[in-house]
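Asks: In my numbering, the protein residues as written are 507 to 1197.
We put the beta carbon where it would ideally sit given N, CA and C, even for glycine.
Because the structure is a prediction, the values reported are computed rather than measured.
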Ligand code: ADP
Ligand code: MG
């Protein structure tokens, strides 16, 4: 057995034993500490429960009882549900108008609390539309007070769990060391940690519980934000970055290369960036804008500013497709210039790659576009000035550091993302970056008309519409959630099946291509190329086209089984057809689905604003789906929830940054906190151990 009571395995806790320890393990609870830091899922306040005899008129009060009868009937005012609640010494009545489902919810035998302002009617207390809290029969045995309720697993009851928690508090709470110095805690109005744990698990009053819970959630978010601030200190704003001046002459020379006038948003972003480049401190900036807002030109501006100052520049993309597309744009715009440039992808022979790597090291190249091949070992820049990472949300947090790591001077780093990221998520994933937001779109851009299509008749109409536009010269994407749906008996979901069906069916006589992530790259590129050239009228695809693909003539999109995609993902997909001056049309094919899914699709029909959509998505589905990737793992938070606790996150951030910026975090007082931060977030945030 361990010396530290907090590390005691649960099976050694009084009343636990191996079998129950096994059940607890299913809840990912192994040690006393695990139990202490697991917040209750909610709390039941029985302190204010009154017996019917003690009720008074028109005051907010709570009663507890078992449903004896529940009736529903139609009245002149509409449907009325009346429930008779047996509160042991007397009955009270609960009434609901036009909420017929309350009758099922409050079936006889159900244990509940009613809270509301009762009225006396015909010798009985009546609650109209009271707040209802469901109790289990077991909760109902609790004699009173404040009862925390925990997440359970089969075979483990609430009362047993509460006993385990009590034993854990008794054994462990006194051994908890507070990582926050007292003075800081007082400033932030936080109770001592051991106290907070006791208050959460064994609350005497609801205010105690709230204060304890706030402390635990605060710590969770605060430690994360201290980590983010440390990351910023290590990787960003280092003061030995090259000074890159964008003089009026350089500015004019760069702009001459662009075939259009910049939008106001692009101008502002460029101003932010130029100021960073000239500052001598390493730029560490996130450029956020909706799909199609025109981030590429801003990236190219930053890169050419570096080249004009005799430094190198690199643009990294998550896919080969995107690298080629940017390369084509850059190569086009720089036609006839002296900028020495190359495309570096995984698609080269070893000899070709070696040669490019040599040229990069010897500063024979000024500007490189590529995939992750540009951060692989073997690539060393002779004099890197600016690094741009496109569609950063497709990469992990760590990849951002790679550029800074390998060079003797830190380059200026610009990261871009077309997924509008809700602020609270942004503060965690990208909280170490300065932010530029472009909220306008290039002129003439029209919002995509989006509609959900259900049933064969509507589908036929949608296809007629689409074919007519194809006849007029437009091109179509057909997006499917899966590559191959053969095994799943859902032929509408698989790109391969849909491709075959369309060739003999709705798109007979048209030229169609197929791309998905399991095809070899060369073949995929060839098909994309044909689509871009207009040799293909339609392209059946998986979400490989989600990121950044730019074919202005493609203005039509059909999404199969649309309910299977996240909102933000659909918004990204739809962004593919909003890139030219023709009106875009997006048809979301979706048969009968749950009401929740249907309302998500209608959110998409109604809103064109990516930020609003991302917020909705975030609330409905959580961070992983908004970022469209889980490759960098879940946020390592213990119990805080970025949607629910967003205000606390702001507070935690406001407390964390000054602590790091003032270097107070480096004093011995805060050493326990710092160690805790490194332990919890060091690898997620890619912090060096010496932080
Ligand atoms: P995203 O922000 O999604 O990466 P892109 O940089 O790919 O957007 O730009 C989308 C399209 O808009 C491209 O075809 C690009 O050439 C065009 N574009 C960008 N900026 C402007 C502008 N200021 N005026 C007109 N067209 C623009
Ligand atoms: Mg882009």
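Excluding five sequence neighbours on each side, which residues of the same chain lie with their C-beta closer than 7 Å to the C-beta of residue 1097?
Replies: Translated into the one-based positions of the chain shown, residue 1097 becomes position 591. Here the set comprises 960.
Asks: Name the two residues that bound the continuous beta strand (DSSP E) containing residue 641.
Replies: Locating residue 641 in the chain shown gives position 135, where the first residue counts as 1. It spans 637 to 641 - the beta strand (DSSP E) in which residue 641 sits, taken as one unbroken run.
Asks: Helix, strand or coil for residue 877? Go by DSSP, reduced to three states.
Replies: Position 371 of the chain shown, counted from the first residue, corresponds to residue 877. Correct three-state label for residue 877: coil.
Asks: What would DSSP say about residue 1139, mapped onto helix, strand or coil?
Replies: The sequence position of residue 1139 within the chain shown is 633, counting from 1. Bear in mind that the predicted position of residue 1139 carries a pLDDT of just 49, short of 50, making it unreliable; the figure below should be weighed with that in mind. In the structure shown, residue 1139 sits in coil (DSSP, three-state: anything other than H, G, I, E or B).
Asks: My output table needs one value for residue 1095: the three-state DSSP class, helix, strand or coil.
Replies: Looking up residue 1095 in the chain shown gives position 589. Residue state, collapsed to three classes: strand.
Asks: Is it buried or exposed for residue 968, if we count other Cβ within 10 angstroms and need 16 for buried?
Replies: For this step, residue 968 is matched to residue 462 along the chain shown. Looking at its Cβ environment, which holds 16 or more other Cβ atoms inside 10 Å, residue 968 is buried.
Asks: Let me check one thing: in DSSP terms, what residues is residue 795 bridge-paired to?
Replies: Working through the chain shown from its first residue, we reach residue 795 at position 289. Its beta-bridge partners are 944.
Asks: Can you check DSSP and say which residues form a bridge with residue 1064?
Replies: Residue mapping note: residue 1064 aligns to position 558 of the chain shown, counting from 1. 984, 1093, per the DSSP bridge assignment.
Asks: Beta carbon of residue 924: closer than 7 Å to some heavy atom of the ligand ATP?
Replies: Inclusion of the ligand ATP in the displayed structure is not the case, the ligand content consisting of the ligand ADP and the ligand MG alone.
Asks: Would you give the residue range spanned by the alpha helix (DSSP H) that residue 934 belongs to?
Replies: Taking the chain shown and counting its residues from 1, the one referred to as residue 934 is at position 428. That run of the alpha helix (DSSP H) goes 929 to 935.
Asks: Could you tell me the alpha carbon to alpha carbon distance between residue 845 and residue 1158, rounded to whole angstroms?
Replies: Here residue 845 is taken as the residue at index 339 of the chain shown, counted from 1. Here residue 1158 is taken as the residue at index 652 of the chain shown, counted from 1. The alpha-carbon atoms of residue 845 and residue 1158 are separated by roughly 46 Å.
Asks: Which residue wins for smallest C-alpha separation from residue 826, given the options 1026, 770, 1013?
Replies: On the chain shown, residue 826 is found 320 positions in, with the first residue counted as 1. Considering only alpha carbons, the answer is 1026.
Asks: Taking the beta carbon of residue 641 as the centre, do at least 16 other beta carbons fall within 10 Å, making it buried, or is it exposed?
Replies: Within the chain shown, residue 641 is the residue found at index 135, counting from 1. By the 10 Å Cβ count, residue 641 comes out buried.
Asks: Would you call the CB atoms of residue 1094 and residue 1068 closer than 8 Å?
Replies: Locating residue 1094 in the chain shown gives position 588, where the first residue counts as 1. Locating residue 1068 in the chain shown gives position 562, where the first residue counts as 1. Yes; because the gap between Cβ atoms is below 8 Å, this pair is in contact.
Asks: Residue 582: which of 574, 604, 923 sits nearest, CA to CA?
Replies: Along the chain shown, one-based indexing puts residue 582 at 76. If we check each option's Cα against that of residue 582, 604 comes out closest.
Asks: Span of the alpha helix (DSSP H) holding residue 1107?
Replies: Reading the chain shown from its first residue, position 601 is the one you call residue 1107. 1101 to 1112 is the extent of the alpha helix (DSSP H) around residue 1107.
Asks: Residue 731: buried (16+ other C-beta within 10 angstroms of its C-beta) or exposed?
Replies: The sequence position of residue 731 within the chain shown is 225, counting from 1. Burial call: buried.
Asks: Output needed for residue 460: all residues of its chain with C-beta closer than 7 Å, excluding positions within five of it in sequence on either side, in chain order.
Replies: Residue 460 cannot be examined here, being either before or after the span of the chain that is shown, 507 to 1197.
Asks: Can you give the beta carbon distance from residue 1091 to residue 1061, rounded, assuming they're within the 8 Å contact cut?
Replies: As a working mapping, residue 1091 is identified with position 585 in the chain shown. As a working mapping, residue 1061 is identified with position 555 in the chain shown. The pair is a contact, with the Cβ atoms about 7 Å apart (cut-off 8 Å).
Asks: Taking the alpha helix (DSSP H) that residue 952 falls in, what are its first and last residues?
Replies: Here residue 952 refers to the residue found at position 446 of the chain shown. Counting along the chain, residue 952 falls outside any alpha helix (DSSP H), and DSSP gives it neither H nor E.
Asks: Provide the residue span of the alpha helix (DSSP H) that contains residue 802, from first to last.
Replies: Here residue 802 is taken as the residue at index 296 of the chain shown, counted from 1. Looking at the DSSP string, the run of the alpha helix (DSSP H) that includes residue 802 is 801 to 814.
Asks: Which residues bound the alpha helix (DSSP H) around residue 692?
Replies: Taking the chain shown and counting its residues from 1, the one referred to as residue 692 is at position 186. Run containing residue 692: 688 to 693, per the alpha helix (DSSP H) assignment.
Asks: On the DSSP bridge assignment, give the partners of residue 656 in chain order.
Replies: Stepping through the chain shown from its first residue, residue 656 is reached at position 150. Its beta-bridge partners do not exist; DSSP assigns none.
Asks: Is residue 709 closer than 8 Å to residue 549 when the C-beta atoms are compared?
Replies: The sequence position of residue 549 within the chain shown is 43, counting from 1. The sequence position of residue 709 within the chain shown is 203, counting from 1. In contact: residue 549 and residue 709 (Cβ atoms closer than 8 Å).
Asks: Could you check which residue in 938, 965, 942, 928 has the C-alpha nearest to that of residue 1116?
Replies: Mapped onto the chain shown, residue 1116 falls at position 610. Cα-wise, what sits closest to residue 1116 is 928.
Asks: So is the beta-carbon of residue 800 under 7 Å away from any non-hydrogen atom of the ligand ADP?
Replies: One-based indexing of the chain shown puts residue 800 at position 294. Residue 800: yes, Cβ under 7 Å from the ligand ADP.
Asks: Give the straight-line distance between the Cα atoms of residue 1036 and residue 837, rounded to the nearest whole angstrom.
Replies: What you label residue 1036 is simply residue 530 of the chain shown in a count that begins at 1. What you label residue 837 is simply residue 331 of the chain shown in a count that begins at 1. In a straight line, the C-alpha of residue 1036 is about 20 Å away from that of residue 837.
Asks: For residue 835, tell me which candidate among 1184, 806, 851 has the shortest Cα-Cα distance.
Replies: The residue labelled residue 835 in the question sits at position 329 within the chain shown. Checking every option, the nearest Cα to that of residue 835 belongs to 806.
Asks: If you count every other CB in all the chains shown that lies within 10 Å of the CB of residue 580, and 16 or more means buried, which is it?
Replies: As a working note, residue 580 is residue 74 in the chain shown. Residue 580 comes out exposed.
Asks: When you compare only the Cα positions, how much space is there between residue 1110 and residue 1073?
Replies: If you number the chain shown from 1, residue 1110 lands on position 604. If you number the chain shown from 1, residue 1073 lands on position 567. Their backbone Cα atoms lie some 7 Å apart in a straight line.
Asks: Does any heavy atom of the ligand MG sit closer than 7 Å to the C-beta of residue 838?
Replies: Here residue 838 refers to the residue found at position 332 of the chain shown. False, no ligand heavy atom lies under 7 Å from that Cβ.
Asks: Could you compute how far the alpha carbon of residue 584 sits from the alpha carbon of residue 1051?
Replies: Walking along the chain shown from the start, residue 584 turns up at place 78. Walking along the chain shown from the start, residue 1051 turns up at place 545. Residue 584 and residue 1051: Cα-Cα distance of roughly 52 Å.
Asks: Considering residue 756, what are the terminal residues of the alpha helix (DSSP H) in which it resides?
Replies: Walking along the chain shown from the start, residue 756 turns up at place 250. Where residue 756 is concerned, the enclosing alpha helix (DSSP H) stretches over 754 to 761.
Asks: Residue 792 and residue 804: beta carbons closer than 8 Å?
Replies: Here residue 792 refers to the residue found at position 286 when the chain shown is read from its first residue. Here residue 804 refers to the residue found at position 298 when the chain shown is read from its first residue. Their beta carbons are not under 8 Å apart, which means residue 792 does not touch residue 804 by this criterion.
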